[in-house]
Each structure stands twice: as structure tokens, then as C-alpha cells.
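Structure, as C-alpha cells:
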Amino acid sequence: MSEAPSRDWNVFKQSLVEHWDGFKHAYPRYNTRYYDGLVEKRLGCGNPDKMGYIAYRCLECGQGKPLVSMRGKSSLCLRCAKVYVDHWVSQVSKMLHDGVIYRHIVLTVPERLRMPFYQHADKLLSAFMKCGVQC
């Protein structure tokens with residue numbers, strides 16, 4: 270059965286509903302069908318009317334009909350992204366060496382360079398990500 274979403278998840282969902290159009294206006298790069306699709310999947314995730322469901326019945330008596338809602342698998346969904354991250358961590362942990370101390374780092378861009386990176390994302394972000402992987 271589907272668990273009741275926590276209040277935090279509903280706040281995130283409500284934030285998308287209320288601010289997605291304003292966000293797209295402020296950042297036109299995200300005003301595409303691709304990102305709209307991610308948002309729609311996020312908003313529909315776990316809703317059996319939008320995403321579908323699987324119904325189960327007892328094989329012996331035929332009673333009951335618990336529903337299990339399908340997931341949207343959107344990277345914007347906190348539930349679905351957690352599954353993806355857990356899988357990624359599992360894969361990375363297989364490549365680590367015993368006895369070595371690892372540190373997680375986050376590479377960022379200085380504030381004054383953020384707008385040029387945003388405006389030329391198609392050229393700069395790919396190179397930036399490749400550089401991060403090499404590091």
C-alpha cells in the first residue's frame with residue numbers, strides 16, 4: 270500500500286505548483302517540454318489517477334483490493350530521486366578501496382561567473398562536468 274506522504278513532501282510539491290511558472294519566466298532555459306514533463310511526473314507521482322496503479326487480491330478468497338500507485342521516476346521527486354541516489358551510492362561504493370579515506374566535494378562556480386555559465390550552458394557545463402569527473 271502507498272504510504273501517506275510527509276508534510277515536507279507536500280510542501281515541496283506545493284512549491285512547484287505555485288512557483289513553477291515564475292521560475293520558468295526568471296530562467297527561460299527551463300521553459301521546455303522536457304522540464305515541464307519532469308514537473309508533471311513529480312506532481313503525479315504516487316497518484317493512481319495520474320500514474321496508474323496495480324491492484325492485488327487474495328488468491329484464495331478473492332477479497333481485498335489494495336492499490337499500489339505507480340511512481341513517476343522524476344528527478345524532481347524526493348522519493349524517486351532517493352531510490353536513484355541509493356543505487357548510485359551502491360555502485361560507487363563497490364569501486365572504493367578499503368582503508369582509504371574519501372571526501373565528498375561539491376564543485377561550484379563563483380557567483381560572478383554563474384550568469385555566463387547559465388547563458389552558455391550548452392558549451393560550458395559539459396566541459397565543467399568533464400573537468401569535475403577528472404578531478
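Everything in the sequence shown is counted per our numbering, starting at 270 for the first residue and increasing by one. For each residue, glycine too, the CB sits at the ideal point set by N, CA and C.
Tell me whether the beta-carbon of residue i lies closer than 8 Å to the beta-carbon of residue j.
{"i": "residue 312", "j": "residue 351", "result": "no"}
{"i": "residue 314", "j": "residue 349", "result": "yes"}
{"i": "residue 334", "j": "residue 324", "result": "yes"}
Please classify residue i as buried or exposed, where buried requires at least 16 other C-beta atoms within 10 Å of its C-beta.
{"i": "residue 336", "result": "exposed"}
{"i": "residue 331", "result": "exposed"}
{"i": "residue 361", "result": "exposed"}
{"i": "residue 344", "result": "exposed"}
{"i": "residue 270", "result": "Unreliable placement is indicated for residue 270, whose pLDDT of 41 sits below 50; the coordinate value is still reported in the next sentence. Looking at its Cβ environment, which holds fewer than 16 other Cβ atoms inside 10 Å, residue 270 is exposed."}
{"i": "residue 358", "result": "exposed"}
{"i": "residue 368", "result": "exposed"}
{"i": "residue 308", "result": "buried"}
State the Cα-Cα distance for the pair residue i and residue j, rounded to the nearest angstrom.
{"i": "residue 296", "j": "residue 306", "result": "16 Å"}
{"i": "residue 365", "j": "residue 354", "result": "17 Å"}
{"i": "residue 397", "j": "residue 356", "result": "24 Å"}
{"i": "residue 299", "j": "residue 341", "result": "19 Å"}
{"i": "residue 377", "j": "residue 388", "result": "16 Å"}
{"i": "residue 317", "j": "residue 347", "result": "18 Å"}
{"i": "residue 399", "j": "residue 303", "result": "23 Å"}
{"i": "residue 394", "j": "residue 371", "result": "25 Å"}
{"i": "residue 390", "j": "residue 384", "result": "9 Å"}
So which of the options has the shortest CA-CA distance to residue i?
{"i": "residue 339", "options": "385, 387, 322", "result": "322"}
(message) List, from N- to C-terminal side, the alpha helix (DSSP H) runs of 4 residues or more that fit wholly inside the segment 307 to 351.
(response) For the alpha helix (DSSP H) assignment, the uninterrupted runs of no fewer than 4 residues enclosed by the segment 307 to 351 are, from N- to C-terminal side, 317 to 320.
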